[in-house]
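Novice: Keeping their order, the protein sequence lines are chains A and B.
With the numbering used here, the residue at position 226 of the first sequence is 226, and numbering never jumps.
Count along the second sequence from 1, add 1000, and you get the number used in the numbering used here.
The beta carbon of each residue, even a glycine, is placed where N, CA and C say it ideally should be.
Protein chains: 2
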Amino acid sequence: MPLTPLLSERGLIARIRAGVVGRSADLLRGIGDDCAVFRQAGGNVVSLVTTDTLVEGVHFDCRWHPPHLLGRKAVAVNMSDIAAMGGTPRFVLFSLAAPPTTEPIWLDGLLAGFLESVRGYGALLIGGDTVKSGHELVLSVTVIGEAPANEVCYRSGARPGDVVLVSGPLGQAAAGLALCQQGRQQENDAWQSLVAAHCDPAAQVALGRLLAASGLVHAMIDLSDGLATDLAHLCAESGVGAEIDNAALPITAELRSAAAVCRVAPLDWALAGGEDYQLVLTCAADEVTPLRQQAQERLGLTLSPVGRIVKGQGVTLLAGGNRRDISYHGYDHFR
Amino acid sequence: MPLTPLLSERGLIARIRAGVVGRSADLLRGIGDDCAVFRQAGGNVVSLVTTDTLVEGVHFDCRWHPPHLLGRKAVAVNMSDIAAMGGTPRFVLFSLAAPPTTEPIWLDGLLAGFLESVRGYGALLIGGDTVKSGHELVLSVTVIGEAPANEVCYRSGARPGDVVLVSGPLGQAAAGLALCQQGRQQENDAWQSLVAAHCDPAAQVALGRLLAASGLVHAMIDLSDGLATDLAHLCAESGVGAEIDNAALPITAELRSAAAVCRVAPLDWALAGGEDYQLVLTCAADEVTPLRQQAQERLGLTLSPVGRIVKGQGVTLLAGGNRRDISYHGYDHFR
Chain A
1 MPLTPLLSER GLIARIRAGV VGRSADLLRG IGDDCAVFRQ AGGNVVSLVT TDTLVEGVHF
61 DCRWHPPHLL GRKAVAVNMS DIAAMGGTPR FVLFSLAAPP TTEPIWLDGL LAGFLESVRG
121 YGALLIGGDT VKSGHELVLS VTVIGEAPAN EVCYRSGARP GDVVLVSGPL GQAAAGLALC
181 QQGRQQENDA WQSLVAAHCD PAAQVALGRL LAASGLVHAM IDLSDGLATD LAHLCAESGV
241 GAEIDNAALP ITAELRSAAA VCRVAPLDWA LAGGEDYQLV LTCAADEVTP LRQQAQERLG
301 LTLSPVGRIV KGQGVTLLAG GNRRDISYHG YDHFR
Chain B
1001 MPLTPLLSER GLIARIRAGV VGRSADLLRG IGDDCAVFRQ AGGNVVSLVT TDTLVEGVHF
1061 DCRWHPPHLL GRKAVAVNMS DIAAMGGTPR FVLFSLAAPP TTEPIWLDGL LAGFLESVRG
1121 YGALLIGGDT VKSGHELVLS VTVIGEAPAN EVCYRSGARP GDVVLVSGPL GQAAAGLALC
1181 QQGRQQENDA WQSLVAAHCD PAAQVALGRL LAASGLVHAM IDLSDGLATD LAHLCAESGV
1241 GAEIDNAALP ITAELRSAAA VCRVAPLDWA LAGGEDYQLV LTCAADEVTP LRQQAQERLG
1301 LTLSPVGRIV KGQGVTLLAG GNRRDISYHG YDHFR
């Protein structure tokens, strides 16, 4: 989500990161991954902590987002960061800034959805802050999870030769958002899965744990800004490049039919659409089959191989005989 | 900070708290204290976590709040919650929602102050989120600290007979805010300490650690909403009441002179003024002298006895021969 025309989010984060000095033996990972990772003195369990902020008019639109589902989504987008590290969610903090005109019944819906989702992920709300704002609703959520120290999956472990897999169809949430923006939510029953992907996404927490516990995953990230951007982050942190096969991208028939009506190329949604909250991971080529089997048998989830890690840098799309650099062509580009 | 005319912050928090179901053996304290307290499996060190959100136009005004000091304040208000539990700050997360019109140089100042303050408290910035907002700047900060499990100071330990102490002068920040609002910041050199108390407050982290390690403190809270409100919270969590002696309240000469010019009763600022970030604590009557000595000798800080814990409930002000219930007459009342 670009911060200002003058200053990109990536640029700002890089500047913040550069300004951080000091180290701690208990801090295993700071800025630059889905979660920060720290441990309490001497333990072999680590804590994972992540925070995400949703702003009205930027991240959500109350005209079509029911408060109940918005509450659920505010939780899910954070749970997805825990999932991407292979963690188990434990504790949640919720900061809510709301204008004085906010209806109590709307807030009730928001809170009910929020708490329902927290429970659904097996976590507990343990604190937060509620403040008045002038104009906008701002939801800021922090989730703390944990994982055995030797099972945490970072963005930085991808190696040339690895296969890149994604945990579900791509672009579904972007398609759902476009349908909502155009008032077409009700036009086709088949599109309900797209609208749900936008309004009520689910974090792949169980899959993240399974993958982390398998010991076979080299690197993992969740899809919040689109494959072109999030895989570029993973590549940058790992010091490698990636090639993506156009024909291998999991794109649903519903997305194709919505794309036709919205006059969008399905590939744009699949590569640059944000908020899918699927997992992207890499593993050695000869571990792909056992890993896919585990996900299928234990969770009924299909991992789709979509490309490979290569030496170099950046994300390249292979389509027919053509090669195109798509690094970071996520939400920014999509606008 | 009242959320809406229809719904008070206390009412909303009570409803959220009521909606939380489930427990965890690793969660020592959830909603209802300055920080949540949890431990990693099997450890005797606990983690403290707190989050506070500052909204432009509600919690700060860019017309007189320099970005550097605002960055420092966003950190300090959270550090104060760690201090109030007796913890050592470790890790910080920073979520920033900023409108597209935000000047990069302003953001640079904010970040510089933020990082300087984080370092000053011996902590590390480990993550966060930067997003675009439509109109308002919203700063949401989470701090994670730690403490030996048997040294954490909760709000809930006050006992009838305890003495109530405060760690510094009261109402300074409210006086500074009033001077800024009236454009009188430069009018009197003696008032610079009041303006600084509002724009650049310091959290009493070293004192909090000293008090917690002493083993003599029964209950503690920080002053964010004014003594009448914050002591009422402490009493409610402890199931006791408190009596405050009007004549014992530490009120500075600068505050009195500013109050005369602003035509405010000094007592209103002292009891109902928010954002002082001093500590309020209770201890047994015969431990007051050793505790005050420790604070004076090791940190040069003066703890002022201002009243006592009694059976019953609520906070009563004793002035001359009069008794007045001032429970929760904090920021709400002050408006």
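1) Given this structure, state the Cα-to-Cα distance separating Val49/A from Gly145/A, to the nearest angstrom.
2) Going by DSSP, name the residue or residues bridged to Met340/A.
3) Would Gly1127/B and Thr88/A be called neighbours here (beta carbons separated by less than 8 Å)?
4) State yes or no: is the beta carbon of Thr1053/B nearer than 8 Å to at least one beta carbon in chain A?
5) Tell me, to the nearest whole angstrom, how far the beta carbon of Pro1201/B is from that of Tyr1277/B; I am working on the premise that it is less than 8 Å.
6) Considering just the uninterrupted stretch of the alpha helix (DSSP H) at Asp230/A, what are its terminal residues?
7) Do the segment 1229–1236 of chain B and the segment 1106–1116 of chain B meet, that is, are 3 or more Cβ pairs less than 8 Å apart?
8) Among the residues of its own chain, which have a CB less than 6 Å from the CB of Arg1017/B, if the five just before and after it don't count?
9) Since Glu1136/B meets chain A, which of its residues come closer than 7 Å, beta carbon to beta carbon?
10) Shorter than 8 Å from the beta carbon of Ala1076/B to some beta carbon of chain E?
11) Name the chain B residues that come within less than 8 Å of Ala36/A, Cβ to Cβ?
12) Using a Cβ-Cβ distance under 8 Å, would Glu1047/B count as near chain A?
13) Strictly by DSSP, which residues pair up with Val217/A?
14) Could you name the residues of the segment 210–244 of chain A whose beta carbon sits closer than 8 Å to any beta carbon of chain B, in the order they occur along the chain?
15) Give the single residue among Val1217/B, Leu1115/B and Lys1132/B whose Cα lies nearest to the Cα of Asn1150/B.
16) So Ile1309/B is in the beta strand (DSSP E); what residue range does that whole segment cover?
17) Output yes if chain B places a C-beta closer than 8 Å to the C-beta of Ala97/A; else output no.
18) Using a Cβ cut-off of 7 Å, pull out every chain A residue sitting near Thr1142/B, in sequence order please.
19) Rounding to the nearest angstrom, what Cα-Cα distance links Arg1292/B and Thr1302/B in this structure?
20) Would you mind stating whether Ile105/A and Arg155/A have Cβ atoms separated by less than 8 Å?
21) Quick one, which residues of the segment 247–279 of chain A are near chain B if we go by CB-CB under 8 Å, in chain order?
22) Indicate the three-state DSSP secondary structure (helix, strand or coil) for Asn1150/B in the structure shown.
23) Quick check on the DSSP output: the alpha helix (DSSP H) that includes Val1118/B runs from which residue to which?
24) Mind checking whether Gly1420/B and Gly1241/B have CB atoms under 8 Å apart?
25) Can you tell me whether DSSP reads Val1205/B as helix, strand or coil?
26) Please tell me whether Ser140/A and Ser1095/B are closer than 8 Å, where the distance is taken between their beta carbons.
27) Would a check of beta-carbon distances place Ile1031/B closer than 8 Å to chain A?
28) Please check if any C-beta of chain A sits within less than 8 Å of the C-beta of Leu1027/B.
29) Using beta-carbon positions only, say whether Leu1326/B and Thr1282/B come within less than 8 Å of one another.
30) Within the chosen definition, does the segment 1076–1084 of chain B reach the segment 1168–1180 of chain B through at least 3 CB pairs nearer than 8 Å?
31) Let me make sure I understand the geometry here. Which of Gln1182/B, Gly1273/B and Glu1056/B has the alpha-carbon closest to that of Pro99/A?
32) Taking the alpha helix (DSSP H) that Glu1275/B falls in, what are its first and last residues?
33) Per DSSP, which one or two residues make a beta bridge with Lys132/A?
34) Assuming contact is defined by CB atoms lying nearer than 8 Å, are Gly1157/B and Ser1080/B in contact in what I supplied?
35) Give me the Cβ distance between Thr1053/B and Val131/A, rounded to the nearest whole Å; I'm assuming they're in contact under 8 Å.
Specialist: Working from what's here:
1) Rounded to the nearest whole angstrom, the C-alpha separation of Val49/A and Gly145/A is 6 Å.
2) As shown, chain A starts at 1 and ends at 335. That puts residue 340/A outside it, with no answer to give.
3) Between Gly1127/B and Thr88/A, the gap from beta carbon to beta carbon reaches 8 Å or more.
4) So yes, Thr1053/B belongs to the interface.
5) Taking a contact as a CB-CB distance under 8 Å, the pair Pro1201/B and Tyr1277/B counts as one, their CB atoms being some 5 Å apart.
6) The continuous alpha helix (DSSP H) containing Asp230/A extends over residues Leu227 to Ser238.
7) Between the segment 1229–1236 of chain B and the segment 1106–1116 of chain B there are fewer than three inter-stretch CB-CB distances shorter than 8 Å, so the stretches are not counted as touching.
8) Within the same chain, and ignoring the five residues on either side of Arg1017/B in sequence, the residues whose Cβ sits closer than 6 Å to its Cβ are Ile1031.
9) Result: Ser133, Gly134, His135 and Glu136.
10) The chain labelled as chain E is not found among the protein chains of the depicted structure, namely A and B.
11) Under the 8 Å cutoff, chain B gives Phe1091, Leu1093, Ile1126 and Gly1127.
12) Residue identity check: residue 1047/B is Ser in the sequence provided, not Glu. By this cut-off, Ser1047/B is an interface position.
13) DSSP, once it has assigned bridges, lists Cys283/A as partnering Val217/A.
14) The residues in question: there are none.
15) Comparing C-alpha distances from Asn1150/B to each of Val1217/B, Leu1115/B and Lys1132/B shows the shortest one belongs to Val1217/B.
16) Boundaries of the beta strand (DSSP E) around Ile1309/B: Ser1304 to Val1310.
17) Residue-level contact by beta carbon holds for Ala97/A and chain B, with a gap shorter than 8 Å.
18) Within 7 Å Cβ-Cβ: Thr51, Leu93 and Thr142.
19) Roughly 7 Å between the two C-alpha positions.
20) Not closer than 8 Å, so no.
21) The segment 247–279 of chain A vs chain B, Cβ under 8 Å: nothing.
22) Correct three-state label for Asn1150/B: helix.
23) First-last of the alpha helix (DSSP H) with Val1118/B: Pro1104 to Gly1120.
24) This structure gives no information on residue 1420/B, because the portion of chain B shown stretches from 1001 to 1335.
25) Three-state result, Val1205/B: helix.
26) It is a contact, given that the beta carbons lie within the stated cut-off.
27) It does; some Cβ of chain A falls within 8 Å.
28) Using beta-carbon distances, Leu1027/B counts as an interface residue toward chain A, with a partner under 8 Å.
29) Residue 1326/B is actually Ile in this sequence, not Leu. Contact flag unset, no.
30) Here the segment 1076–1084 of chain B makes no contact with the segment 1168–1180 of chain B; the two share fewer than three CB pairs at distances below 8 Å.
31) Per the Cα distances, Glu1056/B.
32) Element bounds for Glu1275/B: n/a, residue is neither H nor E.
33) Secondary-structure assignment with DSSP links Lys132/A through a beta bridge to Ala98/A.
34) For Gly1157/B and Ser1080/B, no; Cβs fall outside 8 Å.
35) Right, their Cβ atoms sit about 5 Å apart.
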